[in-house]
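Per my numbering, the sequence shown starts with residue 3, numbered consecutively.
Note that the Cβ used here is the ideal one computed from N, Cα and C, for glycine as well.
Quantities reported herein were computed from a predicted structural model and do not represent experimental measurements.
Report on the structure given below.
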Amino acid sequence: MSVPSTFSMVAHDPAAQEWGVAVQSKFLAVGAAVPWAQAGAGAVATQADANTAYGPEGLAMLALGLSAQETLDRLVTADAGRDHRQVGMVDALGRAATFTGKACIDWAGGVTGPGYACQGNILVGPDTVQAMALAFEHSQGELADRLVAALAAGQKAGGDRRGQQGAAVLVVRARGGYGGHNDRYVDLRVDDDSQPIRKLKRLLQLHHLYFGRTQPEDWLKIEGKLCRELQRILKRSGHYSGRLTGQYDDATRIALRTLVGIENLEERCRQDDALIDRVVVEILRKKFMPGEKRNR
Numbered sequence: 003m004s005v006p007s008t009f010s011m012v013a014h015d016p017a018a019q020e021w022g023v024a025v026q027s028k029f030l031a032v033g034a035a036v037p038w039a040q041a042g043a044g045a046v047a048t049q050a051d052a053n054t055a056y057g058p059e060g061l062a063m064l065a066l067g068l069s070a071q072e073t074l075d076r077l078v079t080a081d082a083g084r085d086h087r088q089v090g091m092v093d094a095l096g097r098a099a100t101f102t103g104k105a106c107i108d109w110a111g112g113v114t115g116p117g118y119a120c121q122g123n124i125l126v127g128p129d130t131v132q133a134m135a136l137a138f139e140h141s142q143g144e145l146a147d148r149l150v151a152a153l154a155a156g157q158k159a160g161g162d163r164r165g166q167q168g169a170a171v172l173v174v175r176a177r178g179g180y181g182g183h184n185d186r187y188v189d190l191r192v193d194d195d196s197q198p199i200r201k202l203k204r205l206l207q208l209h210h211l212y213f214g215r216t217q218p219e220d221w222l223k224i225e226g227k228l229c230r231e232l233q234r235i236l237k238r239s240g241h242y243s244g245r246l247t248g249q250y251d252d253a254t255r256i257a258l259r260t261l262v263g264i265e266n267l268e269e270r271c272r273q274d275d276a277l278i279d280r281v282v283v284e285i286l287r288k289k290f291m292p293g294e295k296r297n298r
């Protein structure tokens with residue numbers, strides 16, 4: 003049996019109320035097996051000879067208010083194959099725990115810190131998890147970015163001694179998913195690639211572009227010169243046939259809704275409030291009005 007030998011991190015961001023997991027392994031589609039998370043409950047990474055039941059069962063216990071260590075102890079005690087398991091866990095309050103069974107293949111082990119746990123097996127050595135912890139503690143930005151930065155640091159320090167193949171990052175927060183209908187804020191996977199962490203970082207950059215939070219100062223009012231420019235763009239795209247009035251009327255609103263939907267930018271445009279993210283405006287300018295004067 004192929005074993006998903008890997009290095010991973012589970013972590014909690016108390017300010018953003020996010021919980022996440024990042025993982026890399028010389029294992030196909032590792033993101034389908036290792037990471038589990040639930041907003042308001044915690045996060046679990048289950049690996050080595052992975053018992054994937056640790057994911058849903060662990061989250062159910064965490065959701066009831068058990069700590070990470072209590073949950074981990076219960077899961078391991080009830081598992082006859084515990085010597086072959088490796089698990090990292092963080093609870094609703096950011097308390098972390100990690101476990102490495104005595105039969106896991108060297109090097110195998112883990113470390114915990116404030117709001118996180120790192121673990122790995124079949125690694126070059128302990129430098130991998132130590133580098134991950136250090137990178138996470140000294141990084142800034144969103145939880146997903148910090149988790150991927152930790153993966154990159156772990157890989158640079160040696161990583162999985164068999165090489166690279168799959169990587170993933172999962173981050174949840176209440177109503178953080180698409181349209182606010184679920185808690186899955188980031189769920190990105192690289193299933194088979196020679197440099198999966200590098201590709202995962204690129205996917206995360208795209209995620210921020212399409213679904214990132216717009217800062218208050220980046221919302222632009224669709225009126226006057228900007229509205230007229232958007233009408234010109236909409237004419238170029240074939241979605242608007244009216245005059246360049248600078249008025250955000252129904253025809254302009256409908257055309258803009260259609261275009262940003264086609265471009266997958268709808269999360270950054272509040273048409274009913276006549277607001278658009280400046281990032282969206284720049285993307286539309288580059289695509290439909292390259293090199294032309296703006297706001298005419």
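Along the beta strand (DSSP E) that carries residue i, what are the first and last residues, could you check?
| i | result |
| --- | --- |
| M341 | Because the chain spans 3 through 298 in this model, residue 341 falls outside it and cannot be assessed. |
| D189 | R186 to V192 |
| V174 | G168 to V174 |
Which residues in the same chain as residue i place their Cβ atom closer than 8 Å to its Cβ, once the five residues preceding and following it in sequence are excluded?
| i | result |
| --- | --- |
| R298 | Summary for R298: the model assigns pLDDT 47, below 50, so the residue's position carries little reliability, and this model does not support an answer. |
| S141 | D147, R148, A151 and A152 |
| V36 | P6, T8, S10, V23, V25, S27, A47, T48, Q49, A52 and A170 |
| L222 | L228, L277, I278, D279, R280 and V283 |
| M3 | For M3, the predicted structure reports a pLDDT of 42, less than 50, and the residue's modelled location is therefore unreliable. A value from the coordinates is still provided. Cβ neighbours of M3 beyond the five flanking positions: D51. |
| K203 | V150 and A154 |
| G293 | none |
| G115 | A98, A135, F138 and E139 |
Taking the alpha carbon of residue i as the point to measure from, which residue in the options has its own alpha carbon closest?
| i | options | result |
| --- | --- | --- |
| T247 | G182, E225 and A135 | E225 |
| V25 | A13, A82 and L68 | A13 |
| S27 | A50, A17 and A39 | A50 |
| G103 | N266, R175 and N123 | N123 |
| A94 | R87, Y118, R76 and V78 | Y118 |
| H183 | A41, G60, D75 and A31 | A41 |
| G44 | L30, V32, L74 and A34 | L74 |
| A105 | R84, G96 and R177 | R84 |
| D274 | P218, Y242, E72 and R259 | R259 |
| W38 | L66, V188 and F138 | V188 |
| Y180 | E268, F138 and L64 | E268 |
| L205 | P218, E219, R177 and L190 | L190 |
| I199 | K158, H210, P218 and D185 | K158 |
Could you spell out where the alpha helix (DSSP H) holding residue i opens and where it closes?
| i | result |
| --- | --- |
| L30 | No alpha helix (DSSP H) holds L30; DSSP gives it neither H nor E. |
| G156 | L145 to K158 |
| V126 | Taken as a continuous stretch (DSSP letters only), V126 belongs to no alpha helix (DSSP H), as it is neither H nor E. |
Beta-carbon within less than 6 Å of residue i's beta-carbon, same chain only, minus the 5 sequence neighbours each way: which residues are those?
| i | result |
| --- | --- |
| F290 | I235, R238 and S239 |
| G143 | none |
| Q19 | R175 |
| L145 | D15, E20, G22 and V173 |
| N266 | Y212 |
| A70 | M91, V92, D93, R97, A98 and A99 |
| D195 | K201 |
| A257 | L236, H241 and Y242 |
| A31 | G168 and D193 |
| R255 | Q273 |
Might you give, ordered along the chain, the residues of its own chain that have their beta carbon closer than 7 Å to the beta carbon of residue i, omitting 5 neighbours on each side?
| i | result |
| --- | --- |
| P128 | W109 and G111 |
| L286 | I235 |
| G160 | L125, V126, G127, D129 and T130 |
| Q132 | V113 |
| G81 | Looking at the sequence itself, residue 81 is Asp, so the reference to Gly does not match. Excluding residues within five positions, the ones whose Cβ falls inside 7 Å are N53 and R87. |
| Q197 | Q166 |
| T216 | R270 and D279 |
| Y342 | Outside the shown range of the chain, which is 3 to 298, sits residue 342, and nothing can be said about it. |
Any idea which residues DSSP pairs residue i with across the strands?
| i | result |
| --- | --- |
| P37 | A47 |
| V131 | Partner(s): none; V131 has no beta bridge. |
| G22 | A13 and V173 |
| D162 | L125 |
Mind listing, in chain order, the continuous beta strand (DSSP E) runs of no fewer than 3 residues lying wholly within the segment 210–292? 221–223 and 277–279
In chain order, what are the residue ranges of uninterrupted alpha helix (DSSP H) at least 4 long that sit wholly in the segment 40–122? 56–65 and 70–79
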